[in-house]
Amino acid sequence: MPTGPSDTSQVPEQPDVALARAITRRIAWHPWRLLLPAILFTLAIASYLYQEQRAGHDAKFFARLDQQVLLALQVARMTARAASDPDVSLQQLRERHSNARRLLENLYPPRPPLGLWPAPEDIDARLSQLDKEWAHLGSELEAIAARQTAHEELERALIRLQGVATRMLVTSDDLVVAMTAAEESPEQLRVAARQLMLIQRMMVNGERLIRGGKGHLTAADRLGRDAVLFGSVNNGLLNGSPELGIEAVTEEAARDLLVSTGHLFREASRQVQDIVRQSVDLSRLQEAVGDAARASDAIVAATREAELMYAGHVATRPLQPAHTRLLAGLAIATLLIAALLMAVDARAHRRNESQRRLDDYRRNEQLEQAAAMAGSDMRRVSGELRRLMADLGRVVEVEISLQPGEDPGDAVARGLKRVLAELHTRVDAIVTDVHQVVGSAASLNAATSKLHVNGRQQAQNVDKAANATQELASAVKLGYSNITKFDTLAENGVSEARIAKEQFGAALQELEGLGTSVQESARLVQRLLESADEARAIALRIDELSDHSKMLSLNVAIQATAQGSASRSNPSFADELQRLAERARDVVQSVERMREGLRSDAEGAAKAIKHTAWAVKGAGDRLHKAEKPIANLNLISRKLEKFAQSLVGSSQEHALRATEVVRAVTAVHAAAGQSSVGAEAAASSAARLSELMASLDAHVSRLHPVPQEEQSVVALETQATREQSNDESTSTDADERRGGGERRRRRSSGLRPVP
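Put into structure tokens, the structure is as follows:
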């Protein structure tokens with residue numbers, strides 16, 4: 017079957033044609049890449065235009081409300097001036113009022129078709145109230161127009177009154193001069209001077225009445241009263257008045273002046289009456305002006321309130337201008353991003369098409385090389401597996417051979433089953449021995465701990481006996497210093513107690529060392545148990561190796577760590593994953609190291625147990641040596657007790673102390689017996705542990721090592737080497753393809769490219 021390219025292969029398309037076809041296919045299969053951004057852009061622009069139109073209408077609405085406020089303020093100022101300034105035209109007031117009414121009609125329905133959006137109902141109600149305020153202001157303007165002439169007439173009357181009052185003031189001044197020259201009475205001169213004061217007050221009240229304001233009615237009233245008072249004073253000077261306490265003026269010149277003043281007073285009275293009558297109309301005019309001002313203020317307040325209400329309505333709309341601007345920006349950005357993505361996609365597709373064709377050529381050549389390498393690897397792996405299975409068989413003394421006509425994979429599986437069965441049996445025996453060793457070590461530890469406790473208690477009792485003996489000796493020496501024999505016995509007892517104390521101290525130190533040795537033995541036995549568990553784990557992983565024996569690679573990493581004694585280093589198993597043949601070799605090496613580790617751990621544990629047994633024996637010897645001083649101390653104490661009791665002048669206190677010494681020595685003797693029993697139990701436990709370690713050593717020795725010269729492994733080509741060779745072949749092929757299409761067609765080692 018030919019593997020090279022043939023002459024009938026399809027001619028590759030031109031890059032531009034292939035690119036155009038790929039872009040057309042992508043657009044046809046993915047219409048949303050253009051349609052969705054276009055729809056979003058259209059909606060965003062429409063929303064933006066709609067919102068801008070509404071914003072323009074809102075601006076017009078606010079502008080007309082501001083015009084309402086401006087017109088209301090202008091009308092208020094012109095109305096205030098219209099009450100006192102005749103130059104102010106009421107026609108201008110009416111024009112501004114009508115303009116405001118027309119503006120207001122465009123703000124609430126029914127309105128002319130100006131294109132404004134309808135306002136909410138609450139704003140329409142506020143605008144209706146504003147219309148009523150404008151109507152009220154219009155009625156006040158009409159009232160002002162009807163009474164505007166009253167101010168002019170009042171001014172004319174006041175001007176006439178000012179002229180008459182001036183003449184009256186001159187005449188009254190001449191009257192005072194004439195009466196002074198005629199040497200009239202002081203009362204008459206005082207009343208004549210009062211006329212001058214009344215005339216001045218009438219002139220001041222007239223000016224106040226012209227200015228208007230809140231006190232214009234008071235000024236008019238005072239003006240009338242001053243006029244009446246002036247008439248009564250003038251008549252009193254002319255005819256005499258008992259009320260004023262004066263007599264009539266007799267001087268002819270003064271009387272002529274009084275008659276002239278009376279004529280002027282009558283003319284002034286008529287003017288005052290006209291002024292008072294006009295002041296009433298003026299008060300009504302000013303009330304109308306005040307009502308107009310209040311109506312203007314109400315219009316301004318209502319307009320401001322309507323403006324605030326409409327502003328709140330605009331602010332609470334769900335779609336704001338900022339939202340529409342943001343949406344329009346996002347739509348434009350989306351459209352640009354979509355166009356950019358299409359351009360990038362087209363460029364990437366063009367590059368991917370070229371790369372795909374190049375990858376097809378490379379992939380076909382790599383498949384051909386991989387097939388050839390896989391065949392050679394299969395043959396090497398098969399031979400290596402057979403050799404490794406033979407090595408495993410020699411380890412556990414099981415014969416494994418390939419029968420005639422048998423499949424290599426079946427032979428490997430059958431051999432693995434036999435090897436695993438035998439390995440399981442031996443590992444189970446090792447684990448059982450290890451568990452028994454651990455139990456014996458625990459028993460030895462318990463016996464040693466008990467022996468340690470008894471030794472401490474015995475040492476305490478010896479201390480107590482020695483102290484009691486010393487106290488008794490001191491007391492007897494103080495009381496009976498002349499008795500030499502008693503002193504000698506007491507000194508002998510103290511020396512024997514000291515010897516017993518030293519023996520028990522040494523035994524106690526050996527027992528403490530024995531506890532450390534027992535702990536070290538327990539630690540080594542625990543390591544031995546861990547090594548047995550690791551051996552069981554190795555057996556389980558060998559089972560997994562049997563399940564995957566027909567595959568090209570195994571995914572099991574076998575690790576085992578066997579720890580020796582404190583002076584030995586910790587060997588470690590292989591921790592790197594290899595191909596099938598290397599992993600099988602690691603299994604054999606792991607079994608070998610497991611055997612060596614178990615042997616070394618067993619030897620270390622046996623040495624520690626022997627050391628423990630010697631320590632137990634030494635402690636027992638120390639305790640046996642301490643029995644003789646204790647027995648001597650017992651005899652001496654009894655002699656001391658008898659001697660103390662026989663003393664004539666001895667006190668009861670000495671007898672009690674001697675009794676305490678006897679009790680302490682008895683307790684020491686009993687504790688020594690218990691320590692001897694504990695030492696014998698520890699020695700028996702150590703002997704049992706030595707027997708179990710010998711059994712464990714026998715089981716471990718059944719695992720035979722494989723000679724180094726027989727461990728043969730065929731090295732396989734690693735994945736990195738294959739990838740390097742593939743990269744080299746790929747780079748070589750790329751250089752050849754860049755050389756031209758004709759040389760690529762002349763190649764005979766590649767597969768036909770996939771179109």
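The sequence shown lines up with residues 17 to 771 when you count with my numbering. We put the CB at the ideal spot given by N, CA and C, even for glycine. Note that this is a predicted model, so its numbers are computed, not measured.
So is residue i buried or exposed if we call it buried at 16+ other beta carbons inside 10 Å?
i	result
Tyr66	exposed
Pro202	exposed
Thr277	buried
Ala386	exposed
Gln371	exposed
Arg442	buried
Val207	buried
Ile353	exposed
Arg286	exposed
Val244	exposed
Val447	buried
Ala75	exposed
Glu381	buried
Glu457	Checking the sequence, you will find Ala at residue 457 rather than Glu. When all chains shown are included, Ala457 counts as buried.
Asp849	Any answer about residue 849 is impossible in this case: the structure gives the chain only from 17 up to 771.
Arg363	exposed
Ser616	buried
Arg367	exposed
Ala344	buried
Gly613	buried
Gly620	buried
Thr234	exposed
Ala463	buried
Helix, strand or coil, according to DSSP, for residue i in the structure here?
i	result
Ser465	helix
Ser711	helix
Ala198	coil
Glu612	helix
Glu268	helix
Ala390	helix
Glu726	Note on Glu726: pLDDT 46, under 50, position unreliable in the model; no value is reported.
Quick one: what's residue i bridged to in DSSP?
i	result
Ile778	The requested residue 778 is not part of the displayed model; the chain covers only 17 to 771.
Sort the options by Cα distance to residue i and report the nearest one.
i	options	result
Leu254	Gly261, Thr266, Arg183, Ala243	Thr266
Glu263	Gln204, Ile446, Gln216, Arg396	Gln204
Val316	Ala347, Gln84, Glu68, Gly613	Gln84
Phe246	His279, Ala462, Ala647	His279
Ala327	Ser188, Leu59, Phe78	Phe78
Thr182	Ala208, Phe281, Val192, Met195	Phe281
Arg320	Glu199, Gln476, Leu86	Leu86
Leu274	Pro258, Ser711, Ser248, Glu259	Ser248
Leu52	Glu512, His365, Thr350	Thr350
Ala60	Gln382, Val192, Ala347	Ala347
Asp272	Ser257, Arg539, Asn250	Asn250
Ala818	Ala54, Gly613, Glu619	Here the chain comprises residues numbered 17 to 771, so residue 818 is not present and cannot be evaluated.
Gly222	Gln452, Asn477, Ala173	Ala173
Pro187	Ala270, Arg396, Thr196, Glu199	Just to set this straight, residue 187 is Thr in the shown sequence, not Pro. Checked all of Ala270, Arg396, Thr196, Glu199; the closest Cα to Thr187 is Ala270.
Ile175	Met195, Val360, Arg224	Arg224
Return the Cβ separation of residue i and residue j in integer angstroms, given the expectation that the two are a contact with Cβ distance under 8 Å.
i	j	result
Leu214	Asp242	5 Å
Leu81	Glu323	5 Å
Val180	Ala284	4 Å
Val288	Gly252	Val288 to Gly252, Cβ: 20 Å. No contact.
Leu212	Leu177	Rounded, the Cβ-Cβ distance is 17 Å, inconsistent with contact.
Asn508	Ile652	6 Å
Ala209	Val192	6 Å
Tyr64	Arg341	7 Å
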